[in-house]
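In UniProt numbering, the protein residues as written are 1 to 275.
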């Protein structure tokens, strides 16, 4: 009499908490390490200013301009909101135009060869040098900051997107076309996903450029925004006010950079090697 032995199902291992814990640790380190470095720089700055007894109009101590920021936070934040609006509006318009135009240029070899050299030529012109022309064409006002941010963001996104799509594995494109895929299929399912890491790299350049363009435009052709605060601070020899405005601007730039980095990791995590 033979006994029939039934194999018992293997127990399902419980998910290890090590991975979520490791991810939390890395996320916490990504915040604390830059924050600790910034605090160390501010502490060193404070010590140098106090030891050297530098006058505030030359180089104010962090405690000095942070106290100004607290005391005059309402007008400074109101001006910062104007700068943020102009920057974000120009950034969104410039990136949208850059993505569409870059995709069109990169999707056709003929268009790429014809347009790309001219695009590089225009890109070598400093965008802020066009601000006086914008004032002549459109008049002075906050809209000049938006137009400048559009121009500054438009070129790097267009150039990088066009290059990324034009060089996105042409042999794979040929294989897909031979299997019956249309040009639209290749663009949507291959070229654009493969261009995403380069696209987010161009966003980091565009964010920085948008803030630079907006601030320069506000110092020349606007009566509101952080750029205008810098002009007022310079005329009054108020170094503390200038650095208070710059600290708010730096905080906005870091926030936008962190947002783009979060989206990049969410959408293009497959492109990065695990560590």
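C-beta atoms are modelled at their ideal positions from N, C-alpha and C, and glycine is treated no differently.
Inset, instruction - With a floor of 4 residues, list each alpha helix (DSSP H) that falls wholly inside the stretch 106–141, ordered by position along the chain. - result: 109–123, 131–138
Inset, instruction - Examine the Cβ distances between the stretch 106–117 and the stretch 38–56 and report whether three or more of them are shorter than 8 Å. - result: no
Inset, instruction - Assign residue 264 to one of two classes, buried (16 or more other C-beta atoms within 10 Å of its C-beta) or exposed (fewer than that). - result: buried
Legend entry - residue 133 classed as buried or exposed, judged by whether at least 16 other C-beta atoms fall within 10 angstroms: exposed
Legend entry - residue 104 to residue 37 span [Cα, whole Å]: 43 Å
Legend entry - Separation of residue 83 from residue 259, as counted between CA atoms: 18 Å
Legend entry - 8 Å Cβ cutoff met for residue 209 and residue 126: no
Legend entry - Short Cβ contact (8 Å threshold) for residue 196 with residue 267: yes
Legend entry - Counted within 10 angstroms of its Cβ, other Cβ atoms place residue 142 as buried (16 or more) or exposed: buried
Inset, instruction - Quick one: measure Cβ to Cβ for residue 219 and residue 90, integer angstroms, because I've assumed they're closer than 8 Å. - result: Wrong, their Cβ atoms sit about 16 Å apart, outside the cutoff.
Inset, instruction - With a 10 Å radius around its C-beta and 16 neighbouring C-beta atoms as the bar for buried, classify residue 121 as buried or exposed. - result: exposed
Legend entry - Close beta carbons around residue 147, own chain, < 6 Å, minus the five adjacent residues each side: 134
Legend entry - Residue range of the alpha helix (DSSP H) that includes residue 197: 192–221
Inset, instruction - For my contact list, residue 68 and residue 241 are in at a C-beta cut-off of 8 Å; report their separation, rounded to the angstrom. - result: 6 Å
Legend entry - Buried versus exposed, by CB contacts within 10 Å (16 or more), residue 75: exposed
Inset, instruction - Return the chain-ordered list of same chain residues with a C-beta closer than 7 Å to the C-beta of residue 12, the five sequence neighbours on each side being excluded. - result: Only weak support is given to the placement of residue 12: the predicted model assigns it a pLDDT of 49, under 50, and the question is left unresolved by the model.
Legend entry - Same chain only: Cβ atoms within 7 Å of residue 243, ignoring 5 sequence neighbours per side: 60, 65
Legend entry - Backbone secondary structure at residue 227 - three-state DSSP: helix
Inset, instruction - Could you tell me if residue 203 is buried or exposed, where buried requires 16 or more neighbouring beta carbons within 10 angstroms of its beta carbon? - result: buried
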